[in-house]
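Same order as they appear, the protein sequences are chains A and B.
So for the first sequence, this note's numbering puts the first residue at 75; every next one is plus one.
So for the second sequence, this note's numbering puts the first residue at 8; every next one is plus one.
Virtual Cβ for every residue (Gly too), placed ideally from N, Cα, C.
Just so we're clear, the structure is a prediction, and the values are computed from it rather than from any experiment.
Below: one structure, written as structure tokens.
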Amino acid sequence: MTPTPNSTTEDPIRPHTFDGIQEYDKRLPNWWLMTLYVSIVFWVGYWSYYEWFRVGLSGPQRVEQALAQIEAMKLASAPALDDASLWKMSRNPVFVEAGKATVNANCVACHLASLRGKGENPTAIGPDLTDTKWIHGGNPMDLYRTVTQGVLVKGMPTWGPVLGPKKIAEAVAYVLSKHTEGEPIEVDPSAAPPPPAK
Amino acid sequence: MSDRKITIEFNDKIVRQFLLASVIWGAIGMLVGVLIAAQLNFWQLNFATPWLTWSRLRPLHTNAVIFALVGNMMFAGIYYSTQRLVKARLASDFLSQLHFWGWQAIIVSAVCTLPFGLTRGKEYAELIWPINIAVVVIWVVFAVNFFWTLGKRREPSLYVAIWFYISTIITIAMLYIVNHLSIPTSWSHSYPVFGGVQDALVQWWYGHNAVAFFLTTPILGIMYYFVPKAAERPVYSYRLSVVHFWSLVFLYIWAGPHHLLNTALPGWLQTLGMTFSLMLWAPSWGGMLNGLLTLRGAWHKLRTDPVLKFFAAGVTFYGMATFEGPLLAIKSVNALGHYTDWVIGHVHAGTLGWNGFMAAGMTYWLLPRLWNKPLYSTSLANLHFWIGGVGILLYVAAMWTSGITQGLMLNATTENGTILAYPNFLETLNTIRPLMLMRLIGGGLYLTGWLMLAYNFWQTVRGAAPVNGTIEVFDDEPAHEEAAAMGLFGSFINPPVLFSIFGTGFAFVWMFGADLLSIAGLVGLMVCGVLAYAHFESRGKKWGDWYDRLLGNSLPFTILTFLAVVAGGLIQIIPTVVAHNAASTEDRKQTPYTPLELQGRDIYVRDGCYLCHSQMIRTLVPDVLRYGDYSRLGESIYDHPYQWGSKRNGPDLARVGGKYPNVWHLRHMEDPRSISVGSNMPTFPWLLANTLDNSTLVKKISVQRMLGVPYPNWTPEQITTRVEAQAKTIAADLKTAGAYIAPDKEIIALIAYLQQLGHAVVVPITKTASNP
């Protein structure tokens with residue numbers, strides 16, 4: 075038998091036509107079938123791993139575990155900060171410049187770029203950070219705690235989990251660079267005391 | 008059989024009407040798309056006008072391109088091809104006209120409601136309830152007209168295109184009705200009957216399968232008619248048609264939960280959503296293969312014929328989008344891509360590439376045949392192809408880059424993974440701005456191409472006489488012998504159907520049974536698979552004969568299709584509706600909104616806030632670091648509709664309550680850039696000027712109670728007192744911050760709503776099985 079160039083001899087065409095449309099009846103491509111079969115086997119395996127034998131962790135379990143690790147790492151590497159070291163940082167241009175970048179990215183919406191807040195513009199949301207009147211304590215570590223834990227009732231967000239201790243220390247150093255150590259400070263007695271350290 | 012022949016004239020008028028409507032609405036829908044793309048880069052283009060604001064126009068864009076462009080195009084293609092494939096004129100001219108004008112009236116009413124804030128707050132299901140009823144009525148008109156025509160057919164067997172049309176009609180009816188179940192509070196407002204996680208699941212069962220059965224299956228049917236016609240080549244493989252049709256309609260329905268990966272959706276549903284999406288890859292590519300390989304032997308025609316160019320590119324984009332879909336449905340990929348522009352790029356590869364190009368190819372093929380006049384300009388059509396193609400590539404490439412860039416930045420951490428590298432959301436937004444501009448250019452080019460189509464259309468049909476197709480048939484040619492040939496027994500009690508039913512049943516027992524039952528299910532599933540394979544290998548001809556006979560019986564065929572599409576929905580939705588009520592939702596329980604907060608929430612929905620802001624902190628470390636503790640099921644259980652969102656053009660709001668002072672929100676709504684420098688959020692000044700409309704509040708609360716939200720039996724006076732008291736507190740607080748706003752303004756209600764987000768009650772864990 076001589077092969078004919080007409081491919082229809084090897085490709086059977088279905089006898090029936092629809093509005094002139096013919097149909098070959100070719101075999102399904104093997105790679106296509108394999109794709110289907112492999113995805114079905116994957117389904118059986120994946121379901122068994124996560125839902126049947128529960129070897130794989132669920133989403134909440136996984137994120138809780140990762141968060142616990144992050145907390146442990148933070149506790150282990152928390153910088154040893156005190157008032158003196160923060161004052162020292164506030165006189166170091168490297169820290170102050172880094173802190174200024176953090177403040178400009180996150181704090182100026184309420185406290186304004188000058189950090190003068192309501193002192194510059196009464197409709198601003200945040201208080202003046204350059205004067206000597208403090209609401210939640212004026213010592214460097216009070217500032218550090220206020221930024222880290224926030225004062226939700228007054229609208230100060232909790233920055234600790236977002237910025238981390240290093241960036242917060244730098245931001246505090248930048249604020250302190252507008253002040254001098256030992257200047258007389260006034261603390262608002264009616265306001266809540268700074269939240270206790272964790 | 009007598010020899011007397013009669014000539015049947017097809018109803019091609021209805022095809023011309025739908026085709027014209029599709030081109031016009033397509034241009035409008037795309038124009039709105041280009042405008043909202045521009046607004047994302049240039050906030051000034053919102054013009055501080057409610058009905059021109061991004062979040063009001065975005066639903067108009069999606070509804071216009073889905074239901075007006077693709078809807079009208081689909082009806083044109085279905086009506087043209089069905090009449091010829093079954094050798095019968097459409098059953099009723101009246102129903103055809105009712106279908107056409109009813110559908111156009113629905114579209115016009117959408118244009119008249121969505122920009123004015125009349126919305127249900129669920130994506131692609133925004134239309135208000137009176138329009139929903141109209142859609143269902145017109146869809147039934149379409150179905151009756153279609154099945155009646157099948158009943159009058161002179162062609163005994165059903166061609167593959169008709170299978171896809173049948174699956175479209177019954178599945179869309181089912182999805183649309185279930186997802187639009189709601190209880191009205193007024194003529195223009197209603198609350199969906201499902202809330203929280205249930206609403207999320209039903210919404211994406213609908214949303215995902217609207218893509219499947221509105222944007223995919225009817226267009227596949229159109230492909231199976233118009234591609235072999237235009238290429239003048241046989242369809243590549245009939246048996247591939249059979250296998251990919253049934254696997255596609257069965258598997259598609261299960262994949263909806265992949266829109267909710269890593270959220271508070273129960274894990275087993277996420278697993279189903281991901282694995283079934285992967286299984287969908289091959290069936291989708293079956294359609295692409297049959298489309299592209301039909302062009303074998305006709306590739307040389309692509310050089311000159313714009314129709315085949317559009318079809319070849321359209322089918323290729325279909326293949327690309329259906330590969331990308333399963334990829335994005337993998338949980339770890341989804342953690343990066345979800346909520347970003349990547350998903351926008353993905354859907355536009357599908358809509359611009361697949362739907363838009365198939366629509367263009369079909370239009371260019373139909374124009375000369377419907378008006379009996381050559382196309383005005385083939386070179387203009389070719390230019391349309393190249394401009395449109397470049398437009399899509401720019402669009403899609405921009406969105407991939409943008410989505411992956413923003414996703415990587417949002418997920419990036421520093422200092423040993425303990426804090427975010429880019430804590431400020433705006434930094435990530437402003438990084439992708441050049442890419443958003445590139446998207447605007449791509450979309451603009453695509454619109455330009457479409458306008459060329461419109462011009463070509465107009466020039467072709469201007470002054471041309473419409474012509475209707477005809478066919479000669481024998482006078483008494485038997486229409487067909489419906490079902491009598493097979494009967495109930497022959498239709499359903501036979502190897503292929505029984506193997507499918509037992510296989511699905513065993514799989515169900517394996518997945519949801521306990522211990523031994525589960526093992527028995529898996530063994531049964533495997534035995535069933537092996538037996539089916541062996542039986543097919545030895546008696547394959549019997550299967551083929553049975554299927555050939557089934558194709559002559561449209562009712563059993565339709566019933567089997569319905570059984571295939573209904574399975575996935577039943578197994579996913581019923582356990583969720585039954586199990587996940589307020590009594591069994593992890594360790595958090597939502598507090599019902601105060602009346603003022605409920606009002607604020609309705610404003611949040613009205614102004615489309617959910618289109619840019621999610622309320623779902625995923626179980627992913629970067630999400631938790633950025634937005635707080637991950638969201639629990641119980642925290643949104645009373646939300647009708649749910650507001651988890653699907654895109655983050657701005658940050659998540661699930662725990663924004665109490666994060667900022669009231670005055671922050673006031674200033675931010677009035678002028679977002681006064682607080683968030685570089686933000687692209689529109690301004691919402693009318694919130695400060697409009698007085699809150701409390702006229703339907705009593706009715707709203709009574710509907711909420713009907714839906715199961717535990718409100719006390721307040722009198723109308725008690726409700727008013729509560730609203731006023733809470734509003735006064737907020738206004739007083741704003742006053743101390745230096746902002747003077749009357750307590751009866753809308754902004755006060757919205758602030759009340761925003762400030763309680765994330766304030767759920769922690770309840771002792773009453774562990775219920777997460778498996779149904």
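Using a Cβ-Cβ cut-off of 8 angstroms, state whether residue i counts as contacting chain A.
i, result
"residue 223(B)", "no"
"residue 666(B)", "yes"
"residue 427(B)", "yes"
"residue 489(B)", "With a pLDDT of only 47 at residue 489(B), under the threshold of 50, the placement of this residue in the model should not be trusted, and no figure is reported."
"residue 507(B)", "no"
"residue 286(B)", "yes"
"residue 578(B)", "no"
Does residue i have its Cβ less than 8 angstroms from a Cβ in chain B?
i, result
"residue 141(A)", "yes"
"residue 92(A)", "yes"
"residue 174(A)", "no"
"residue 155(A)", "no"
"residue 80(A)", "Annotation note: pLDDT 47 at residue 80(A) (below 50); position unreliable, coordinate value reported separately. No, residue 80(A) does not count as interfacial toward chain B."
"residue 165(A)", "no"
"residue 256(A)", "no"
Note down the Cα distance separating residue i from residue j, rounded to an integer number of angstroms.
i, j, result
"residue 490(B)", "residue 174(B)", "Unreliable positioning characterises residue 490(B) in this predicted model, as indicated by a pLDDT of 45, which lies under 50. The coordinate reading is nonetheless provided below. In a straight line, the C-alpha of residue 490(B) is about 19 angstroms away from that of residue 174(B)."
"residue 248(B)", "residue 499(B)", "21 angstroms"
"residue 22(B)", "residue 84(B)", "7 angstroms"
"residue 566(B)", "residue 177(B)", "9 angstroms"
"residue 375(B)", "residue 624(B)", "54 angstroms"
"residue 819(B)", "residue 573(B)", "In the structure as shown, chain B starts at 8 and stops at 779, and residue 819(B) therefore has no counterpart that could be examined."
"residue 66(B)", "residue 532(B)", "43 angstroms"
"residue 308(B)", "residue 564(B)", "36 angstroms"
"residue 166(B)", "residue 92(B)", "7 angstroms"
"residue 585(B)", "residue 138(A)", "28 angstroms"
"residue 220(A)", "residue 691(B)", "32 angstroms"
"residue 194(B)", "residue 700(B)", "15 angstroms"
"residue 128(B)", "residue 198(B)", "9 angstroms"
"residue 247(A)", "residue 241(A)", "10 angstroms"
"residue 341(B)", "residue 268(B)", "7 angstroms"
"residue 217(A)", "residue 271(B)", "36 angstroms"
"residue 386(B)", "residue 56(B)", "42 angstroms"
"residue 596(B)", "residue 24(B)", "53 angstroms"
So residue i and residue j are supposed to be a Cβ contact under 8 angstroms. How far apart are they, rounded?
i, j, result
"residue 780(B)", "residue 141(A)", "Here chain B covers residues 8 to 779 and nothing more, so residue 780(B) does not appear."
"residue 761(B)", "residue 620(B)", "Between residue 620(B) and residue 761(B) the Cβ distance is about 10 angstroms, and since that is not below 8 angstroms, they are no contact."
"residue 750(B)", "residue 759(B)", "Between residue 759(B) and residue 750(B) the Cβ distance is about 10 angstroms, and since that is not below 8 angstroms, they are no contact."
"residue 244(A)", "residue 172(A)", "4 angstroms"
"residue 258(B)", "residue 283(B)", "6 angstroms"
"residue 199(A)", "residue 229(A)", "7 angstroms"
"residue 43(B)", "residue 131(B)", "Actually they are not in contact, since the Cβ atoms of residue 43(B) and residue 131(B) sit about 15 angstroms apart, beyond 8 angstroms."
"residue 206(A)", "residue 258(A)", "6 angstroms"
"residue 114(A)", "residue 98(A)", "That pair is no contact at about 26 angstroms."
"residue 402(B)", "residue 346(B)", "That pair is no contact at about 19 angstroms."
Taking the beta strand (DSSP E) that residue i falls in, what are its first and last residues?
i, result
"residue 198(B)", "197–199"
"residue 477(B)", "477–481"
"residue 191(B)", "189–191"
The alpha helix (DSSP H) that contains residue i, what's its start and end?
i, result
"residue 12(B)", "Counting along the chain, residue 12(B) falls outside any alpha helix (DSSP H), though it belongs to the beta strand (DSSP E) covering 12–16."
"residue 126(B)", "Segment: none, residue 126(B) is in no alpha helix (DSSP H) and carries neither H nor E."
"residue 392(B)", "385–418"
"residue 731(B)", "723–743"
"residue 251(B)", "245–259"
"residue 138(A)", "133–151"
Does residue i come within less than 8 angstroms of chain E when only Cβ atoms are used?
i, result
"residue 627(B)", "Chain labels in this structure do not include chain E; the protein chains are A and B."
For residue i, is the beta carbon positioned less than 7 angstroms from some heavy atom of the ligand ATP?
i, result
"residue 145(B)", "Summarising the ligand content, the structure contains no ligands, and the ligand ATP is consequently not present."
Relative to chain B, which residues along the stretch 179–193 of chain A have a C-beta separation below 9 angstroms, given in chain order?
-> 179, 180, 182, 183, 184 and 192
Going along the stretch 203–216 of chain A in order, which residues come within less than 9 angstroms of chain B, judged by CB to CB distance?
-> none
Closer than 7 angstroms, Cβ to any Cβ of chain A: which residues of the stretch 498–527 of chain B, in chain order?
-> 518 and 525
Short-range partners of chain A found in the stretch 677–692 of chain B, where Cβ spacing is below 9 angstroms = 681, 682, 683 and 684
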